[in-house]
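Numbering (this note's numbering), first residue to last: 47 to 315. Accompanying notes for the structure given below.
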């Protein structure tokens, strides 16, 4: 104050103008800062009280339907001392199986080779308990060959599945590793199950929002899993190839279930 009182009138006036200018700048800065914060709160709906938060809920949807396709896994195997003999016999039997399937109305596209394997058959040396063992028995010997031709057969008329399964044995198949029933076109069922899963998750979110006194906001994220109906499997059977498939098996395809699980993150506010 003593310094200010020693100033001349002109200097005092200049000092007052400078002080007023600085005060105006400070006030403008504070006003802009408050306005910016208020605009941010209004735009984002965020504040100290009632700040939005996120909650993740899961939902599940299930749809049941009868399978419309049967898939049979069958194998023709032959064993002979010579490889050529085993292959030729296997080829004849496999061709007979394919001819039988076509005669039953199975299309070419529904007969698929899933494996063709050749296995040498060995005779292993007997244990040697003496001090001297015959040289010719020191190593395994090939005594024949086994040829295996595996097929996946798709039967689209389930009423024929039991008869075809029985007829395969008479046609030349000597191993059936299983039959499974599935839904050929599951997309429509998957869409229905997905809708049920989404409705389930939303119902849970709405109830939780009411319990918490909140409002349900926008969806932040979404994920989905499942949707492919697992096949129904029947067991495996082997035959000695001496003819006769027995009585026609009773085939019961049952029902498949399409299950979709979703996870949805909602904003609560």
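Even for Gly, the Cβ is constructed at its ideal location relative to N, Cα and C. Just so it is clear, the structure is predicted and the values come from calculations on it, not from any experiment.
Could you tell me the distance, in whole angstroms, from the CA atom of residue i to the CA atom of residue j?
i: residue 146; j: residue 214; result: 8 Å
i: residue 172; j: residue 142; result: 40 Å
i: residue 80; j: residue 71; result: 14 Å
i: residue 267; j: residue 118; result: 42 Å
i: residue 186; j: residue 170; result: 4 Å
i: residue 217; j: residue 144; result: 9 Å
Report the option in the options whose CA atom is closest to the CA atom of residue i.
i: residue 149; options: 210, 262, 226, 252; result: 210
i: residue 157; options: 237, 140, 301, 243; result: 140
i: residue 243; options: 103, 299, 202, 120; result: 103
i: residue 164; options: 115, 112, 236, 194; result: 194
i: residue 159; options: 97, 112, 311, 137; result: 137
Using the rule of at least 16 other Cβ atoms within 10 Å of the residue's Cβ for burial, across every protein chain shown, is residue i buried or exposed?
i: residue 64; result: exposed
i: residue 246; result: buried
i: residue 305; result: buried
i: residue 229; result: buried
i: residue 69; result: exposed
i: residue 227; result: buried
Going by DSSP, name the residue or residues bridged to residue i.
i: residue 237; result: DSSP, once it has assigned bridges, lists no residue as partnering residue 237.
i: residue 164; result: 193
i: residue 187; result: 169
i: residue 312; result: 101, 265
i: residue 139; result: Answer by DSSP bridge pairing: none, since residue 139 is not bridged.
Within 8 Å of any Cβ in chain D, is that where the Cβ of residue i sits?
i: residue 231; result: Although the question refers to chain D, the structure presented lacks it and comprises just one protein chain.
With a cut-off of 8 Å on the beta carbons, I'd call residue i and residue j a contact; round off their distance for me.
i: residue 303; j: residue 108; result: 6 Å
i: residue 190; j: residue 127; result: 5 Å
i: residue 122; j: residue 199; result: Actually they do not touch by this definition, with Cβ atoms about 12 Å apart.
i: residue 301; j: residue 110; result: 5 Å
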